[in-house]
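Residue numbers (the UniProt record's numbering): 1 to 165.
Built from N, CA and C at the ideal position, the CB exists for glycine as well.
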């Protein structure tokens, strides 16, 4: 889940400690989202702001919703004090933000995004209601320019090991 990845990255930037946080806790305990069926990034961030987040070793991943619901048994390992939502950022403002910390973004994706294996994704924006389109969140961790002068974003995805390079 992209929220967990963002908080792990922020924790590392601040403390230089690698921390593996619990995705399962958000699946079970963020009751404003939909467990394994997906969720809302802002709801997950609000949950972590209010409750913190356990280590993966204290609240292990099951790959499904826990039948008995939320079962926290230790103090949180990380938390956040707040977050900011920016509607329609400019490329320059996004570059400035990513230079400071990873940034969660919402993408409107086509089927070709699901099938991505490598290289630079270069597809024009599509209308939100286009057939086959879906919303997906990723964590931008940097940006660069290739040998042909084409600028691109580097991001961490949570689509599993079969996606990307």
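Helix, strand or coil at residue 78 [DSSP, three-state]: Against the chain shown, residue 78 aligns to sequence position 78. Reduced to three states, the DSSP call for residue 78 is strand.
Where residue 12 falls: helix, strand or coil (DSSP): On the chain shown, position 12 is the one that residue 12 refers to. DSSP places residue 12 in helix when its eight states are reduced to three.
Pairwise C-alpha distance: residue 111 and residue 226: No statement about residue 226 is possible, as the shown extent of the chain runs from 1 to 165 and does not include it.
Same chain, Cβ closer than 8 Å to residue 49, neighbours up to 5 away in sequence not counted: Locating residue 49 in the chain shown gives position 49, where the first residue counts as 1. Within the same chain, residue 49 has close Cβ partners 79, 80, 81, 82 and 83.
For residue 41, the three-state DSSP class (helix, strand or coil): Here residue 41 is taken as the residue at index 41 of the chain shown, counted from 1. Three-state result, residue 41: helix.
Within-9 Å CB hit, residue 56 to chain D: The question asks about chain D, but that chain is absent: this structure has only one protein chain.
Residue closest to residue 157, alpha-carbon to alpha-carbon, out of 106, 123 and 145: In the chain shown, counting from the first residue as 1, residue 157 sits at position 157. Answer by Cα proximity: 106.
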